[in-house]
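Visitor: Chains as they are written, first to last, in UniProt numbering: chain L, 1 to 405; chain B, 1 to 405.
Have a look at the structure that comes next, please.
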């Protein structure tokens, strides 16, 4: 009897944790494991806003896949997934295809247009290493051009962040640190630069404790970040945005709109005939596609309900990582046929948002944290993920140690 | 009797050396000296190609004017000169005007189009701190975009240097060092990047000893620089150039054309009614405008004949600096009415071209130098200028000491 073939599509939080846990749980003779990923590196999506702002180099955010997989147990294929053929049990890539007995889909998110005209054409998205270092360079390029033009263009110095949720706020915090440095580099007055967060809700960071939100606003406003709430983004062009507030339309000139307000699951699932809502599959208790017993879905492509709130859990690295652990265990159970699969139960340990410059806030184990303690906990949590992925060595190599900042 | 008013327009090599020497030669009660410059800093034009390539930070290339002028003797006005009114003895600036008894014009060069279509609109020029850091950022921005586009565009990675003279070759040498670093930063194969020098002459570095030229070509070609000689640039667009060679037209896709093949004097002179050729005034023996005894012209706006060759001396930092010394002496002579002005006699000590990565070549005191000795001499010469301008302190602050590179 040949070994069962496990194919893992995508080396994000969900897919890569599935891979590294599975390689520990089973022997090389028990299954053939193949990981497919577009790049030869994994990256920490939750750190990308720092790369996009230019406050942390992207090499600190990415991890070579060969450094965390066990080549004796896992084959790595660098290719881009284009389609899943569940009936043929095949994964199609740009340069080949793989047949599987079990497939793990961890293909991540992609931007959704949300009916905003021009959004997908003109807004930048903090999505990948490529897109994040492009945002960094795009901002810097505009600053570099500014003083070379006779007619000074404010759109080169205005930065609009679409969405005051978690990513938008964290990105704003890093920009608050980066902008003064860019001003120095390109001989531009700080007062000429505007960073504006446009948020449709009545407040930024909806769902957070009001005291925490106020703390974040104070921290960011004191460093020059502007906020427009109850403001609905209507249109994005190459050099402006339009938002509607209290029935009036406002235009802001900007060459840099960064969309941080919502995403959908990878469209490959829909294109492959999966039953999706916003690109996400409402998975079974053990993270499988309801229509295909042999397909697990982890991370941002998987929707799971929060029974307490009656709404799906937001897509987070924390949950994607936990899904990876669960998925690896369940794959072991299926291969060994020793036990049933286990229900996935997310455990929300806390939520911490960094605000840039060593500031942070959030909730850990039900306790509100502000400033340095929050920052220390945030970095500890980042380092914990690295430990789970690659042990002490990876923490030392890629960890965040500037906790006194 | 009121003190004579000396106004120095432009703080380039010629104007700034005139200022710092004059403040040493005369007492505060002998003349009122005013230096006018667009920026509050001086920069070393001969280092700008390094800033443009990104191998040296522009802060190393610029020097705060307040650090080298004696505020007790020299007034500094930060403004942009727009016109000279010789009949009224006035210098007009964007935000005011100054009357003078003696004017020193050191307004530098500007690009000339040389009949090449689109050159002034689309080519980048290594001209100032602003333009050089823009070139650095423009190249980097194109590298950053490259991997974010589905259809890969070679024009983002092709860099064309128009002109294989001194600046073109020095810039190519720095790019040869910078490109591999950019490739690493943006995950691009070095083989995909082309740097092409397009030269109208039969050889690059015309006028240099053939052995030196061959040395330079070997050094640069071994690091991936391409050369097209007998190639006449005909047209520059935003994403291409056309050159003609042996009767055929060739197109190279590129978003980055850097023009390094020739300049003219500042057009303010022509617009102010001076008698110019390519924007330059053929000055008198003591560097004055033939039509105005009270106006000295130094640096790239002044043409002086090389009697040995029958052609004007090329505009160089070396000559501009020597003009500054001469001009300061002559101003002192005129103010004190003690002696006649002295004829300006350029003294060409040598010419050294850096080739990037610690390589260099050139002639010093009639002796050919290659590689490390040339590099050491080149840096010594750069440091000597700093010493002349601001003493040991300035050498320590802004000097080039990586002579073992």
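All C-beta atoms, glycine included, are put in the ideal place defined by N, C-alpha and C.
Indicate whether residue 148(L) and residue 134(B) have their beta-carbon atoms separated by less than 7 Å.
Guide: What you label residue 148(L) is simply residue 148 of the first chain in a count that begins at 1. What you label residue 134(B) is simply residue 134 of the second chain in a count that begins at 1. Closer than 7 Å, so yes.
Visitor: Taking three-plus beta-carbon pairs below 8 Å as touching, is the region 86-94 of chain L in contact with the region 195-215 of chain L?
Guide: Too few Cβ pairs lie closer than 8 Å, so no.
Visitor: Which first and last residues belong to the alpha helix (DSSP H) in which residue 381(L) is found?
Guide: For the purposes of this step, residue 381(L) is taken as residue 381 along the first chain, with counting starting at 1. Residue 381(L) -> alpha helix (DSSP H) spans 371-398.
Visitor: Please report the straight-line C-alpha distance between residue 313(L) and residue 348(L), rounded to a whole angstrom.
Guide: Here residue 313(L) is taken as the residue at index 313 of the first chain, counted from 1. Here residue 348(L) is taken as the residue at index 348 of the first chain, counted from 1. Using only the alpha carbons, I get a separation of about 10 Å.
Visitor: For residue 251(L), which three-state DSSP category applies?
Guide: If you number the first chain from 1, residue 251(L) lands on position 251. Here residue 251(L) sits in strand by DSSP.
Visitor: Could you tell me which chain B residues have their CB closer than 7 Å to the CB of residue 144(L), listed as they occur along the chain?
Guide: The residue you call residue 144(L) lines up with position 144 of the first chain. Result: 133, 134, 137.
Visitor: Let me check one thing: in DSSP terms, what residues is residue 276(B) bridge-paired to?
Guide: Residue mapping note: residue 276(B) aligns to position 276 of the second chain, counting from 1. Residue 276(B) is not bridged to any residue.
Visitor: Given 8 Å as the limit, is there contact between the region 253-267 of chain B and the region 384-402 of chain B, that is, 3 or more CB pairs closer than that?
Guide: No: fewer than three Cβ pairs fall under 8 Å.
Visitor: Can you check whether the C-beta of residue 140(B) is within less than 7 Å of a C-beta belonging to chain L?
Guide: Reading the second chain from its first residue, position 140 is the one you call residue 140(B). Judged by the 7 Å Cβ criterion, residue 140(B) is in contact with chain L.
Visitor: With C-beta atoms as the reference, is residue 104(B) less than 7 Å away from residue 344(B)?
Guide: In the second chain, counting from the first residue as 1, residue 104(B) sits at position 104. In the second chain, counting from the first residue as 1, residue 344(B) sits at position 344. No, the Cβ-Cβ distance between residue 104(B) and residue 344(B) is not below 7 Å.
Visitor: Mind pulling the chain L residues with CB within less than 7 Å of residue 130(B)?
Guide: Residue 130(B) sits at position 130 when you count from the first residue of the second chain. Ordered by position in chain L, the residues that pass the 7 Å Cβ test against residue 130(B) are 147, 148.
Visitor: Measuring CA to CA, which of 159(L), 175(L), 310(L) is closest to residue 122(L)?
Guide: For the purposes of this step, residue 122(L) is identified with residue 122 of the first chain, where counting begins at 1. Comparing Cα positions, the closest option is 159(L).
Visitor: If we ignore side chains and look at the alpha-carbon of each, how far apart do residue 401(B) and residue 369(B) end up?
Guide: Locating residue 401(B) in the second chain gives position 401, where the first residue counts as 1. Locating residue 369(B) in the second chain gives position 369, where the first residue counts as 1. Rounded to the nearest angstrom, the two C-alpha atoms are 19 Å apart.
Visitor: So who's on the other strand from residue 259(L), going by DSSP bridges?
Guide: By 1-based counting over the first chain, the position of residue 259(L) is 259. Bridge partners of residue 259(L): 125(L), 162(L).
Visitor: Enumerate in chain order the residues of its own chain whose CB-to-CB distance from residue 46(B) is below 7 Å, with the five nearest sequence positions on each side excluded.
Guide: Walking along the second chain from the start, residue 46(B) turns up at place 46. Counting only Cβ-Cβ distances below 7 Å, and skipping sequence neighbours, we find 317.
Visitor: What does DSSP give as the partner residue(s) for residue 63(B) in the beta ladder?
Guide: Taking the first residue of the second chain as position 1, residue 63(B) is located at position 63. The partner list for residue 63(B) (beta bridge, DSSP) reads 42(B).
Visitor: For residue 296(L), does the three-state DSSP call read helix, strand or coil?
Guide: As a first step, residue 296(L) must be located in the first chain, where it is residue number 296. Reduced to three states, the DSSP call for residue 296(L) is strand.
Visitor: Given that residue 102(L) touches chain B, what residues does it touch there, using C-beta distances under 8 Å?
Guide: Against the first chain, residue 102(L) aligns to sequence position 102. Within 8 Å Cβ-Cβ: nothing; residue 102(L) doesn't reach chain B, min ~31 Å.
Visitor: If distances are taken between C-alpha atoms only, which option among 367(L), 355(L), 366(L), 382(L) comes closest to residue 164(L)?
Guide: Your numbering for residue 164(L) matches position 164 in the first chain. Of the listed residues, the one whose Cα sits closest to residue 164(L) is 355(L).
Visitor: Taking beta-carbon pairs under 7 Å, can you tell me which members of the region 15-45 of chain L lie near chain B?
Guide: If the cut-off is 7 Å between Cβ atoms, the region 15-45 of chain L has nothing near chain B.
Visitor: Go through its chain and collect everything with a Cβ distance to residue 225(B)'s Cβ below 6 Å, but skip five positions before and after it.
Guide: To locate residue 225(B), count along the second chain from 1; it is residue 225. Contacts found: 172, 176, 195.
Visitor: Let's see if you can read the secondary structure: which residues bound the beta strand (DSSP E) around residue 37(B)?
Guide: As a working mapping, residue 37(B) is identified with position 37 in the second chain. Counting along the chain, the beta strand (DSSP E) containing residue 37(B) begins and ends at 32-37.
Visitor: Taking residue 243(L) as the query, report the chain B residues whose CB atoms sit under 7 Å from its CB, ordered along the chain.
Guide: By one-based count along the first chain, residue 243(L) stands at place 243. Under the 7 Å cutoff, chain B gives no residues; its nearest Cβ is about 26 Å from residue 243(L).
Visitor: Using DSSP's beta-bridge definition, name the partner residues of residue 353(B).
Guide: Counting from one through the second chain, the residue named residue 353(B) turns up at place 353. Looking at the DSSP assignment, residue 353(B) forms a beta bridge with 361(B).
Visitor: Touching or not, the region 259-270 of chain B and the region 104-113 of chain B, by the rule of three or more beta carbon pairs under 8 Å?
Guide: Contact holds: three or more Cβ-Cβ distances are below 8 Å.
Visitor: Pull the bridge partners of residue 99(B) from the DSSP assignment, please.
Guide: On the second chain, residue 99(B) is found 99 positions in, with the first residue counted as 1. Answer by DSSP bridge pairing, in chain order: 90(B).
Visitor: To the nearest angstrom, how far is the alpha carbon of residue 364(L) from that of residue 63(B)?
Guide: Position 364 of the first chain, counting from 1, holds the residue named residue 364(L). Position 63 of the second chain, counting from 1, holds the residue named residue 63(B). Their Cα atoms are separated by approximately 51 Å.
Visitor: Quick check on the burial criterion: 16 or more other C-beta atoms within 10 angstroms. Buried or exposed for residue 96(B)?
Guide: For the purposes of this step, residue 96(B) is taken as residue 96 along the second chain, with counting starting at 1. Under this definition residue 96(B) is an exposed residue.
Visitor: Using a cut-off of 8 Å between C-beta atoms, extract the partners of residue 186(L) located in chain B.
Guide: Counting from one through the first chain, the residue named residue 186(L) turns up at place 186. Neighbours of residue 186(L) on chain B, chain order: 133.
Visitor: Verify whether the separation of the beta carbon atoms of residue 40(L) and residue 17(L) is less than 7 Å.
Guide: As a position in the first chain, residue 40(L) is number 40, starting the count at 1. As a position in the first chain, residue 17(L) is number 17, starting the count at 1. It is not a contact, given that the beta carbons lie outside the stated cut-off.
Visitor: If you reduce the DSSP assignment to three classes, tell me which class residue 266(B) lands in.
Guide: Translated into the one-based positions of the second chain, residue 266(B) becomes position 266. Correct three-state label for residue 266(B): coil.
Visitor: Looking at the strands, I want to know which residues DSSP matches up with residue 306(L).
Guide: Position 306 of the first chain, counting from 1, holds the residue named residue 306(L). Its beta-bridge partners are 311(L).
Visitor: CB-CB under 6 Å to residue 228(B), same chain, minus the five flanking residues each way: which ones, in chain order?
Guide: As a working note, residue 228(B) is residue 228 in the second chain. 198, listed in sequence order.
Visitor: Which of the three DSSP states is assigned to residue 219(B) in this structure?
Guide: For the purposes of this step, residue 219(B) is identified with residue 219 of the second chain, where counting begins at 1. In the structure shown, residue 219(B) sits in a helix (DSSP, three-state: H, G or I).
Visitor: Exposed or buried, which one is residue 290(L) when buried takes at least 16 other CB atoms within 10 Å?
Guide: What you label residue 290(L) is simply residue 290 of the first chain in a count that begins at 1. The residue is exposed, with fewer than 16 neighbouring Cβ atoms inside 10 Å.
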